[in-house]
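Peer 1: Sending over a structure as structure tokens; questions will come in a sec.
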Ligand SMILES: Nc1nc2c(c(=O)[nH]1)N[C@H]1C(S)=C(S)[C@@H](COP(=O)(O)O)O[C@H]1N2
Ligand SMILES: [Mo]
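In the numbering used here, the protein residues as written are 1 to 282.
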């Protein structure tokens, strides 16, 4: 059976919140590229010009996100693996993007302390909420994988990640029967430290298929080194079957929820609230 997916709700950037900052260059770039990518997808179907003139066909294109989510489920199944590469494919330098060093005071303090005081909270719809130190996470069974990171801005980098499978943590905290999504809460504010008092921290979410997927790891190493701050230290998510913006860096808390309708603008992620697709399948 298909899991229910949130309806994609494209909407204008920066709508609603009078004090919200103007769209950044990055937001515009991300949005522009998505439009470009979408039209490439449409072009490959342009031969079917009779079809493409019918309103039903246009509607079908509009629901492409839904189809791609469904197709992943039906054709590939929940266990389909993202491609893994060999050591020789690993790029000399893994590009960093988005926040490079969170300016937030609480993160800065943790960073100065070498993340010894940092803990990952796991809470929400679980039987036994817990918090894990980095040392505790490192002592758990680990998975190492060499994968290609694809950013919506049009670049890719192959890197080697080591971390604990999210499924391992979930098994420990025991999600309740009504839990449907995992929400990742990050340390970095996207609008500078609380411009208007509104929470602007980066966040993301996945469904339980991706949460329990073998390649979904919370990574503390990149290319055999402790995860650099630029790439999300001390811990970042790897969601290998989806685009770069799903891979939340600077993890602070993980919440099991039954819906993200009441979280921030209700679209399941920072970029999703700016109009991106929630399901960013590659
Ligand atoms: N917390 C946080 N996570 C984030 C981002 C961010 O700005 N903040 N940017 C996202 C985007 S758009 C990409 S492409 C990747 C970049 O990861 P990297 O810096 O390791 O290349 O992180 C994603 N996760
Ligand atoms: Mo990205």
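The C-beta atom is built at its ideal place from N, Cα and C for all residues, glycine as well.
#1: Short of 7 Å in beta carbon distance, which residues of its chain neighbour residue 110, apart from the five on each side in sequence? Order them along the chain.
#2: For ligand 2, enumerate in chain order all residues having a CB closer than 6 Å to any of its heavy atoms.
#3: Would you mind stating whether residue 287 and residue 244 have Cβ atoms separated by less than 8 Å?
#4: Quick check: the segment 269–279 against the segment 132–145, are at least 3 beta-carbon pairs closer than 8 Å?
#5: Tell me the rounded alpha-carbon separation between residue 262 and residue 122.
#6: Here's a check: name, in chain order, each residue in its chain whose Cβ is nearer than 8 Å to the Cβ of residue 190, leaving out the five neighbours to either side.
#7: Nearer than 7 Å: is that true of the beta carbon of residue 232 relative to any heavy atom of ligand 1?
#8: If I follow the unbroken alpha helix (DSSP H) through residue 210, where does it start and stop?
#9: Run through DSSP, which three-state label would residue 119 get?
#10: Measuring only from the beta carbon, is residue 109 closer than 7 Å to any heavy atom that is part of ligand 3?
#11: Indicate whether residue 115 and residue 234 have their beta-carbon atoms separated by less than 8 Å.
#12: Determine whether the beta carbon atoms of residue 254 and residue 246 lie at a separation below 8 Å.
#13: State the Cα-Cα distance for the pair residue 143 and residue 125, rounded to the nearest angstrom.
Peer 2: Looking at the atomic coordinates:
#1: Around residue 110, the same chain offers 117 and 118 as residues with beta carbons nearer than 7 Å, after the five sequence neighbours per side are excluded.
#2: Matched residues: 97, 151, 152, 153, 244 and 245.
#3: Outside the modelled stretch of the chain, which goes from 1 to 282, sits residue 287, for which no answer is possible.
#4: These segments do not touch.
#5: If you take the alpha carbons of residue 262 and residue 122, they lie about 19 Å apart.
#6: Closer than 8 Å at Cβ, skipping near neighbours: 99, 200, 201, 202 and 270.
#7: Between ligand 1 and residue 232, a heavy atom-to-CB distance of less than 7 Å is present.
#8: Segment 208–211, the alpha helix (DSSP H) holding residue 210.
#9: Of the three classes helix, strand and coil, the one that applies to residue 119 here is strand, per DSSP.
#10: In the structure shown, ligand 3 is absent; the only ligands present are ligand 1 and ligand 2.
#11: Yes; because the gap between Cβ atoms is below 8 Å, this pair is in contact.
#12: No. Outside cutoff.
#13: Residue 143 and residue 125 have their C-alpha atoms some 26 Å from each other.
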